[in-house]
Amino acid sequence: MADQGITMSSLAKQMEIATGSNFQKVLKNLSSSRYVDEKLLKTDLGLLNAKILKLLRSNREYDVWKGCHATTVICSFNALFLLSYGGQSLNAIYSKLEHMVNYYPSTTNSNQGRTLLKTLVCTTKTLMDLMRNKPTLSRECLVPKLKAIIPILIQLSTYEPALCLPVLKDLLFKHTTTFKPYVNKYRTSLTTQIASSYHHMPSDVQKLLCENYAYLHLIKLQSQHVQDETEAHHKVFQDDTWRAGIFSILIQFKPIIKLCSNILEFDQEKELNRLFECLPSEPYKDYKIENFLSPLKLDMNEPFTLWELPRRINLLVDLLTAFVTQPTPFPIRIPIGTINLVCETLVSISTKYMPIKRELRRDQDLNSIIDEILPEIQFASISLWRDMLLSYGKCFLPMSDRILGSLEVFIPFKPKSNDIDLDACQHLQDKFITVFEVANLVLSNVGHRLNEVDSILKLVDVALRLTEDVSLIETIFENKPIDKKDANPQTKNKSKKNKDNKTGAITDLFTNYDQFITKTSLHKFNEINNFLTFIISNWRLGTTQQINTVKYAIARSLQIKEQMGSIPISFIKLLRVLVLNPGNERLSILPIAVSLLKGSDDEAFDLLCHPRLPMSMIHNVKRVSKSIEEDDDREDQEEYDVDTGKDGVETHDIVADHANGRFNVLKTTVVEEATTEVETNNDIEVNTIENETKVFKKRSVEEIKDNESVKRAKTGEPKYTEELIKEQETADKKAEIELQPAIERVTTEAAKDATITKEEEEDSEDEDEFEIPEIHLSEYEDDEDAESDS
Amino acid sequence: MDEQIIFTTNSTGSITNIHSYEQANLKQCTVSSQNSAVRVGEQYLFVAQAQKSLIHVYNASYNVQRESVEQRLPLPERVNCLEVVENNAFIYDNSKINNKKNGALHNLPQFNLPYLLLASTESGKLYIWELNSGMLLNVKSAAHYQAITKIKSVMNGKYIITSGKDSRVIIWQTSDLVSQDEPKPVAILHDHTLPVTDFEVSSIHGDNLFTSGVKLYTVSRDSTLRCYDLSTLMRQGNNKRRSLTNKNGNQNDEKVQLLSTFTLPYPINCITLDPAERSAYLGTQMGCYSVSLYYQLNGNRLLNLLQPSTGASQGNIYSLIEEPQETVNRDALFVKNQLICNKILEENIVCSKISMDGSIILLGDKNGRVHVTEVFSTQVMKTLQPLTTSQTMIGEVTNILLSTYSTEANDNLSMSLTKNKHHNGTLEKLPVLQRVITEKGQTTQTHDVWYQIGGLYNGQSEFSDAVQSPLLNFEDYLQIVQSEESAFIENGGVSSEIITTSAATTATATSGESSKQEEIDSLKQKVTSLTEAYAELREIHEKLYEQHQQLQK
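Residue numbers (UniProt numbering), protein chains in the order written: chain V, 1 to 790; chain F, 1 to 553.
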């Protein structure tokens, strides 16, 4: 009876009283499959259910908490329990939840209260997940209960958005019809939260708010045009409401961007004007989706109100992202052209091609704030692009060039020059990480031929700059000479010190300079390395960039290795790519990379240093027990040539291949071969070989190509040796003229070809054997020559 | 696991499996040219119809097999070959989504279409549609001077290769085709002298063309098989300036290196590669031959036939001969550049495909039969024929599509399919393919794409601190339980009370009467000590109280 385990009755008893790790042991036991037994159903599981319900209905928070976890575990692992008692448990949990929500302020003022609330919500979610998709159970228990659960969760979501929004989102997606009666209530709750306190929420809650708002559009809105009889025959798409939602967001961009035209001289940029005019302004069909966002109050006299502008654009972009990147139960129509247009318009709002309005130029605060918000507005579009590219992949392929071009607009330039303002880039470094990501996403879909190379090169410059460590106090030292001349700040400090002892000593600034350097984080290195790896593996960079990249990769790897003892994987990948793609440089950094990685295991570099791939034409599968075989490869090769090679020409080819252009080796073998041939073969053969050898030695590559074809045509007829030699001589002088008869002969030979091939299979004579393949070759090559001539 | 075979002949279309025996007939399926059927996503099968400017869409889901035409896509004109370019969005790519910042990993949605549909006409025109919107992105007229015989997208759809009866093979860059009005090919190969009938590209490749050893094998009616190294394509030029100079000077400057040429006595109709590129299978009118690309010489020496040769720009040239009856000296033959190849089947082969493990080859012949043949033993395992009564009408095999699917997953899929109320086993209708070329760079159009994003991948939870289902990871779940409990323990009242009871009960559970007695004793001691302490306190209190009263008086 050992395998029976603890009896359910004692386990249930233990569950009531256990705490801490004991309780966890109980949970572990409850998950056992031995209780999934129909014999236990009536008695033991019934008992357990009673005990759990007792816990859940208890007044002590701790007991309720225990009950929740016991329910979660037993329902997850024990299908019998879920089916027979799941409904009861859900009821009990729900009533506790309702109680807590109704008295929210008093029940959650303690730590336990909050924990319990969280546990209750999570248990509800788990139970609902478990009951879903089981037709009877969900019909009998889940759906009726949902009608009570949804309003409670909506009520709670105003207090605890982080807790409830994921559950509600799930319910909206999976129980769309059941949710329908409550959708208006939920919409009000969500829109007030978005409109009033969106920017006070943590970013993941912001995301959830937007996603929930988007999912509201899964439920069909009553469109007004349905009543119109004349349009009744128009097909109503499943995604009409969703699309109306998308457009309700899209049309809000135009007025906002119009506000920007009060800051910048839009008239000076024709392209932007054109884009702006194309922005959508009409809602989709007649759907009325109320615009819940309050109008912006911007006042040029109060510059800080301008901060509202990027904030609003970010909100709109977040909402749009939620609409287009979320899973939906049916296909939806996404206006990617329009979305791309919005992105392009937003990214063009920069001072690069348009000056700030004349009347605004005097106020320093205002100007700096404008300089600050414009990159933020641009960045909103870049992050939208990122999300779109992630989800839609190649659908953006036709826009690739434009996106890459737009990325260049984001790179800040020094005023009135074409140099990149690297300090400004430093300021925007986090945003640039996303820019690199977008570039990677775009580039991974296009091939090697690209029109937008300039922006990539600029991005590489920026990337390299961003890898440098930043000193927080650099500006002080930069200004130091000036300070000394003035001597004012110093004396000021001193006098301040004398007057007011609250200011600390600033001597640390000069003595411990290195304490004020912020180290670039490993994460940032990874992102930048990914970008560089990608660029280098796909495109050939200019010399400057390539060398800078190499320098960066080596120096930084060494530095990190000294610090951490190992080199991060992204650096190793970068080094690998640099070794494999040396660009226009003829130097390989393989030895440097290998020394850096000394002692570590890296397959790629191992393979580069000890090539195991078939490098030679012929190689041995197994070692043969000849003493010669143990010599090095080349000798092995020669050995083989002498043994089997009865045709000089062919073996030369092999050796030539094998020696890979090592001319000395080639020469010696040629001589060797020639001598062997003289001994073993008849005169004709020797002639051919000598001819061939001469050709091989004397002529340039082009000549060989031409002459070989001619000559091979002749070797096809070994009987006319004299004629052959004559022809050979003439061919040497005027190869072009000779081509014609050769071709003619070849055409006649082509007819014989088939028969000859068959003969050759039967004939085992050596002589014929090397002649016949020659025919093949010559026929073939001449054919081609003839073609190219004609 | 099983492998689904879809094969079409001139007048029929059939769906069957390699390892099981069901066979379904696709209705109204007439096909005239090779490579005219393509699988679109998991569910759809597109077949370009002969004599009609139509594509018939069939349901080719592995679990449900319906024979009727699901949808008819009208076209501007009759097309021969079809091919799709997959989309491969990043959210579905396990290897690229590595942290939370990049977004969560998703499952593929029900409605998952490739990005492009490419179709070619008899005159060598190339049509390019975006499948999600039905927009006609481009029409490249006279891409080839004669009919295109095969279209294939390679390197994750970055490039497209077409072969034609004009004996040329052209390599295109996909982004050029969709974004330029007059796209220029990346490279044109014109080594063949007669129509190129078929080609194959290595099934595996590296991240980029530069470093990967991806190879292209082309076969032609001129009886040759040619093998090219595609990575050499990149060495010539890779950016704008380079390609500009190319345009000014020699346009075909970007050349692909020809590695080897193999000649057969007969025109070659089709080629199939071993998945690991160990050998190539050539279909001719006299049968199917297998060429071992790692050729064995006498003894244990192996020869890599695709080794780039240093000298000749034309690569090595070999002639293939059928294995003779008597044993031959392979070295002697090789010296003459002759290679022995094995004959697998003696039929008039026009179409071939290889199974996923490379051990079974499907050979379609001129008479509409597909021979399922074991490669190593060259035994025919079974011969598939279309289920039709009129034998004379069948014609030759035009397409063989082979796809591996897991039967286990499909059981689940079919369940979820029936459950999903939006999919009652029927397919979503595809957007209509447009007849007018979309104007490029036009900003006013909305460019609507029908798109569905798949649900989140199972294991991923959207907010990290939430309690996840214990089914996924019980240990993590217990960790959460433990951390939650700490909230209750912190408060003295609850915990102390519970701990005493539990201590008492655990004691009872573990030992018998004696321990009970001990406990009683210890408790008694406690009680007495407490009463004593209490008495003491009481005394002190009373004393103080007396003092207090005295002071008051």
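Note that CB positions come from ideal geometry on N, CA and C, so glycine has one too.
The model shown is predicted, which means the values in this text are computed figures rather than measured ones.
Where residue i meets chain V, residues with beta-carbon distance less than 7 Å
i: F:ALA119; result: Chain V residues near F:ALA119: none, gap ~18 Å exceeds 7 Å.
i: F:PHE474; result: SER31
i: F:GLN482; result: GLN24
i: F:LYS255; result: Simply none; closest approach about 14 Å.
Closest Cα partner of residue i within the set the options
i: F:ILE188; options: F:GLN43, F:SER163, F:HIS19 and F:LEU305; result: F:SER163
i: F:THR261; options: F:ASP181, F:CYS351, F:GLN307 and F:ALA60; result: F:GLN307
i: F:THR30; options: F:MET393, F:SER486, F:VAL449 and F:ARG435; result: F:MET393
i: F:GLN71; options: F:ALA89, F:ASN80, F:VAL47 and F:TYR62; result: F:VAL47
i: V:GLU265; options: V:GLN193, V:ILE592, V:TRP539 and V:LYS357; result: V:LYS357
i: F:GLN145; options: F:SER406, F:LEU105, F:ILE520 and F:VAL196; result: According to the sequence displayed, residue 145 of chain F carries Tyr and not Gln. For the residues F:SER406, F:LEU105, F:ILE520 and F:VAL196, the minimum Cα distance to F:TYR145 belongs to F:VAL196.
i: V:VAL36; options: V:LEU218, V:MET300 and V:LEU80; result: V:LEU80
i: F:TYR62; options: F:LEU75, F:SER120 and F:MET1; result: F:MET1
i: F:ALA104; options: V:VAL442, V:CYS75 and V:THR325; result: V:THR325
i: V:LEU53; options: V:ALA70, V:SER21 and V:LEU40; result: V:ALA70
i: V:GLN24; options: F:ASP476, F:GLY134, F:GLU546 and F:LYS516; result: F:ASP476
i: F:GLN49; options: F:LYS27, F:VAL40, F:ASN59 and F:ARG66; result: F:LYS27
For residue i, the first and last residue of its enclosing alpha helix (DSSP H)
i: V:TRP242; result: 240-250
i: residue 558 of chain F; result: For chain F, the structure presents residues 1 to 553; residue 558 of chain F sits outside this window and is missing.
i: V:LEU259; result: 253-260
i: V:GLU308; result: 308-324
Which of helix, strand or coil DSSP assigns to residue i
i: V:VAL678; result: Annotation note: pLDDT 36 at V:VAL678 (below 50); position unreliable, coordinate value reported separately. Reduced to three states, the DSSP call for V:VAL678 is helix.
i: F:GLN4; result: strand
i: V:GLY67; result: helix
i: F:ASN59; result: strand
i: F:HIS371; result: strand
i: F:GLN34; result: coil
i: V:HIS610; result: coil
i: F:CYS341; result: strand
i: F:GLU536; result: helix
i: V:LYS414; result: coil
i: F:GLU70; result: coil
i: residue 565 of chain F; result: No information on residue 565 of chain F is available, as it lies outside the stretch 1 to 553 that chain F covers here.
i: V:TRP539; result: coil
i: F:ALA276; result: coil
Where the beta strand (DSSP E) containing residue i begins and where it ends
i: F:GLN379; result: Counting along the chain, F:GLN379 falls outside any beta strand (DSSP E), and DSSP gives it neither H nor E.
i: F:LEU401; result: 397-405
i: F:CYS227; result: 224-229
i: F:CYS29; result: Note, F:CYS29: premise wrong, no beta strand (DSSP E); not H, not E.
i: F:TYR295; result: 294-296
i: F:ASN269; result: 268-273
Proximal residues of chain V, C-beta to C-beta of residue i below 9 Å
i: F:PRO183; result: Result: empty, since nearest Cβ-Cβ is about 10 Å, beyond 9 Å.
Neighbouring residues, chain F, relative to residue i (Cβ below 9 Å)
i: V:TYR284; result: Residues of chain F passing the Cβ test: none, with the nearest at roughly 10 Å.
i: V:GLN326; result: ILE453
Residue i: contacting residues in chain V (beta-carbon distance under 8 Å)
i: F:LEU471; result: SER76 and PHE77
Under 8 Å by beta carbon: chain F residues contacting residue i
i: V:ASP318; result: Simply none; closest approach about 14 Å.
Could you name the residues of the UniProt repeat "WD" (141-173) of chain F whose beta carbon sits closer than 7 Å to any beta carbon of chain V, in the order they occur along the chain? GLY157, LYS158, TYR159 and GLN173
When you check each C-beta in the segment 442-453 of chain V against every C-beta of chain F, which residues fall closer than 9 Å? SER444, ASN445, VAL446, GLY447, HIS448, ARG449, LEU450, ASN451, GLU452 and VAL453
Between the segment 329-348 of chain V and chain F, which residues of the former have CB atoms less than 7 Å from a CB of the latter, in chain order? PRO329, PHE330, PRO331, ILE332, ARG333, ILE334, PRO335, ILE336, GLY337, THR338 and LEU341
Mind listing which residues of the segment 367-397 of chain V have their C-beta closer than 8 Å to chain F's C-betas, in chain order? ASP387, LEU389, LEU390, SER391, TYR392, GLY393, LYS394, CYS395 and LEU397
Could you name the residues of the segment 109-121 of chain V whose beta carbon sits closer than 7 Å to any beta carbon of chain F, in the order they occur along the chain? ASN111, GLN112, THR115 and THR119
Determine which residues of the segment 45-64 of chain V have a Cβ less than 9 Å from any Cβ of chain F, and write them out in chain order. ARG60, GLU61 and TYR62
Residues in the segment 67-85 of chain V with C-beta within 8 Å of chain F's C-beta atoms, listed in sequence order? HIS69, THR72, VAL73, SER76 and PHE77
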